[in-house]
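Below you'll find the structure, written out as structure tokens, and then a few comments.
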Amino acid sequence: MKELKFDTLVIGGGSAGMAAALEVSKRGFSVAVVERENSMGGILNQCIHNGFGLHHFNEELSGPAYAEKFIDMVESSNIKVFLDMTVMDMEETGDMKYVYGMSGKTGMIKFCVKTVIFANGCRERNRGSIGTPGTRPSGVFTAGLAQRLVNMEGYIPGKECVIVGSGDIGLIMARRMTWVGAKVKAVIEIQPYPAGLTRNIVQCLNDFNIPLYLSHVVGDIHGKDRVESIDVIPLKNGVEQKDKSFNIICDSLLLAVGLVPDNELAQKIGISINPETNGPIVDRQLMTGKNGIFACGNVLHVHDLVDFVTEESERCGKYAADYMDGKTFSDQYRTVPGQNIKYLVPNFYSPHRDNKFYLRTMIVKNRAELIVSVNGKEIFSKKLKHIQPSEMISFSILEDTVGAEIISECRNNTLEVKIV
Ligand SMILES: Cc1cc2nc3c(=O)[nH]c(=O)nc-3n(C[C@H](O)[C@H](O)[C@H](O)COP(=O)(O)OP(=O)(O)OC[C@H]3O[C@@H](n4cnc5c(N)ncnc54)[C@H](O)[C@@H]3O)c2cc1C
Numbered sequence: 005m006k007e008l009k010f011d012t013l014v015i016g017g018g019s020a021g022m023a024a025a026l027e028v029s030k031r032g033f034s035v036a037v038v039e040r041e042n043s044m045g046g047i048l049n050q051c052i053h054n055g056f057g058l059h060h061f062n063e064e065l066s067g068p069a070y071a072e073k074f075i076d077m078v079e080s081s082n083i084k085v086f087l088d089m090t091v092m093d094m095e096e097t098g099d100m101k102y103v104y105g106m107s108g109k110t111g112m113i114k115f116c117v118k119t120v121i122f123a124n125g126c127r128e129r130n131r132g133s134i135g136t137p138g139t140r141p142s143g144v145f146t147a148g149l150a151q152r153l154v155n156m157e158g159y160i161p162g163k164e165c166v167i168v169g170s171g172d173i174g175l176i177m178a179r180r181m182t183w184v185g186a187k188v189k190a191v192i193e194i195q196p197y198p199a200g201l202t203r204n205i206v207q208c209l210n211d212f213n214i215p216l217y218l219s220h221v222v223g224d225i226h227g228k229d230r231v232e233s234i235d236v237i238p239l240k241n242g243v244e245q246k247d248k249s250f251n252i253i254c255d256s257l258l259l260a261v262g263l264v265p266d267n268e269l270a271q272k273i274g275i276s277i278n279p280e281t282n283g284p285i286v287d288r289q290l291m292t293g294k295n296g297i298f299a300c301g302n303v304l305h306v307h308d309l310v311d312f313v314t315e316e317s318e319r320c321g322k323y324a325a326d327y328m329d330g331k332t333f334s335d336q337y338r339t340v341p342g343q344n345i346k347y348l349v350p351n352f353y354s355p356h357r358d359n360k361f362y363l364r365t366m367i368v369k370n371r372a373e374l375i376v377s378v379n380g381k382e383i384f385s386k387k388l389k390h391i392q393p394s395e396m397i398s399f400s401i402l403e404d405t406v407g408a409e410i411i412s413e414c415r416n417n418t419l420e421v422k423i424v
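Residues 5 to 424 in our numbering are what the sequence shown spells out, letter by letter.
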């Protein structure tokens with residue numbers, strides 16, 4: 005088997021992998037990116053709608069245009085990219101990591117590296133994940149697969165469709181299917197509020213008179229070879245009102261019911277996973293529980309905006325370079341999600357340095373307040389105009405915010421974040 009030596013191996017050449025690889029390379033380390041598709045860009049390549057890059061590039065780009073800017077930077081750097089290659093396995097001996105990449109062209113390659121960055125994204129939840137009853141005809145797609153079929157492969161997955169889930173992916177696909185000539189009969193949402201951005205509700209549903217059924221679920225799928233119709237059941241206080249169910253005739257059902265970080269490989273090598281994010285537990289440097297192994301982007305926690313993926317991954321690349329330069333920080337303490345917080349990333353903070361946090365809330369509220377405390381003493385607060393579970397919140401705690409008098413050697417020094 006061919007063996008290659010690099011300082012860092014990045015798994016995945018999406019927006020996270022490219023941003024992280026560039027930062028490591030800028031610091032003079034040798035970097036390899038392994039990407040299983042035949043081009044870099046990841047999920048961006050199929051997102052041909054606008055809405056990318058407003059924060060990072062200060063301009064509104066399509067997904068492929070955003071990806072192209074990074075692909076150009078990677079191609080003019082010293083980074084070595086291995087396309088059409090899938091990372092299959094990994095092992096460690098001392099400080100060295102051995103990563104096995106498989107490709108039809110080269111066969112198996114063993115990469116011998118000092119650091120690994122997981123940037124391999126997430127996958128879609130499917131029919132099995134939400135337990136939708138009914139027959140198993142063709143015509144049931146995840147929304148991301150349908151997006152790929154329409155935008156990249158040139159197929160239209162159905163003529164009359166219903167979409168489950170009103171997050172941004174479901175909404176964007178409602179508009180996309182309408183634009184390619186399909187009739188989108190309904191968007192069904194289990195929650196009593198839409199999961200996506202208000203601008204997407206207006207531009208993707210209201211502008212095309214597509215009905216949105218809030219507090220509704222799909223009760224049954226009918227059809228033998230192909231989907232013929234679905235039953236929709238209203239919910240009252242979360243309880244199914246079966247006597248009020250109704251039927252919609254359709255030939256396809258697109259499921260936009262969430263994304264899950266792809267963490268099988270991380271778990272296989274014993275990296276601890278945060279059950280709230282399904283991504284690895286990471287410290288302030290975005291390093292997993294294993295020395296020299298980092299994670300960023302959608303494999304760490306599912307992001308809504310690519311700009312945040314880029315920002316987080318650039319920091320991850322810098323931290324991996326810091327690690328190789330011998331800069332590690334032992335003064336790290338636990339962070340805990342408090343009232344109304346679903347998850348908080350990272351899982352550790354350092355009281356003596358800047359810390360950047362990402363979180364999701366469990367509630368919908370106008371005029372909320374985010375409060376951070378250490379050892380029960382409030383150190384930071386921030387007013388938030390509107391919060392909802394589908395919108396990620398980020399904030400920074402700058403160096404010296406946590407005063408020396410708060411940190412104590414005999415306490416846990418836990419940092420708690422809550423929203424009221
Ligand atoms: C449908 C959709 C619409 C979106 N719309 C917007 C929007 O309008 N605006 C916005 O800002 N953001 C949007 N986003 C969010 C944003 O684009 C993504 O969060 C971001 O691009 C994810 O980047 P990533 O690198 O973490 O993951 P990905 O882009 O998924 O990249 C992961 C890469 O890893 C590769 N990989 C996986 N496993 C392996 C392996 N074992 N070996 C080798 N390679 C592997 C994959 O092939 C992939 O290329 C959207 C996301 C989706 C899914």
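Each residue gets a CB set at the ideal place from its N, CA and C atoms; glycine is no exception.
- A direct Cα-to-Cα measurement between E403 and V421 gives close to 17 angstroms.
- V191 is bridged by DSSP to I167, L216.
- Going by DSSP, Y197 is part of no beta strand (DSSP E) at all; its letter is neither H nor E.
- For the pair C208 and K369, the Cα-to-Cα distance works out to about 24 angstroms.
- Assignment of I160 by DSSP, reduced to helix, strand and coil, places it in the coil class.
- Around K228, the same chain offers T139, P141 as residues with beta carbons nearer than 8 angstroms, after the five sequence neighbours per side are excluded.
- Membership of T339 in the beta strand (DSSP E) is indicated by the continuous run 337-341.
- In this structure, the straight-line span from the alpha carbon of L269 to that of V120 is close to 12 angstroms.
- Going by C-alpha positions, Y353 is about 25 angstroms away from L26.
- Beta bridge pairing from DSSP links P141 with no other residue.
- Sequence-distant partners of K246 (beyond 5 residues in either direction) whose C-beta falls short of 8 angstroms from its own C-beta, in its chain, are G223, I237.
- Nearest neighbour of M94 by Cα position, chosen from K118, I75, S317, turns out to be K118.
- K73 is not a Cβ neighbour of F56, given a cutoff of 8 angstroms.
- DSSP lists K101 as the beta-bridge partner residues of E96.
- Less than 8 angstroms separates the beta-carbon of D266 from that of R127.
- In the DSSP assignment, L87 falls outside any beta strand (DSSP E), carrying neither H nor E.
- Per DSSP, D235 is one residue of the beta strand (DSSP E) stretching across 233-240.
- Contact between I423 and I383 is absent: CB atoms are separated by about 16 angstroms, not below the 8 angstroms threshold.
- Under the three-state reduction of DSSP output, D11 falls in the coil class, being neither helix nor strand.
- Residue environment: M177 is assigned as buried (16 or more neighbouring CB atoms within 10 Å of its CB, all protein chains considered).
- Where A299 is concerned, the enclosing beta strand (DSSP E) starts and stops at 297-299.
- Rounded to the nearest angstrom, the gap between the Cα atoms of L419 and C165 is 47 angstroms.
- Of the residues assessed, I253 falls on the exposed side of the cut-off, its CB having fewer than 16 other CB atoms within 10 angstroms.
- The criterion of a C-beta distance shorter than 8 angstroms is satisfied by K387 and E373.
- Given a length threshold of 4 residues, each whole run of the alpha helix (DSSP H) inside the stretch 9-66 is given here in chain order: 19-30.
- Nearest neighbour of G143 by Cα position, chosen from M44, L309, K331, P161, turns out to be P161.
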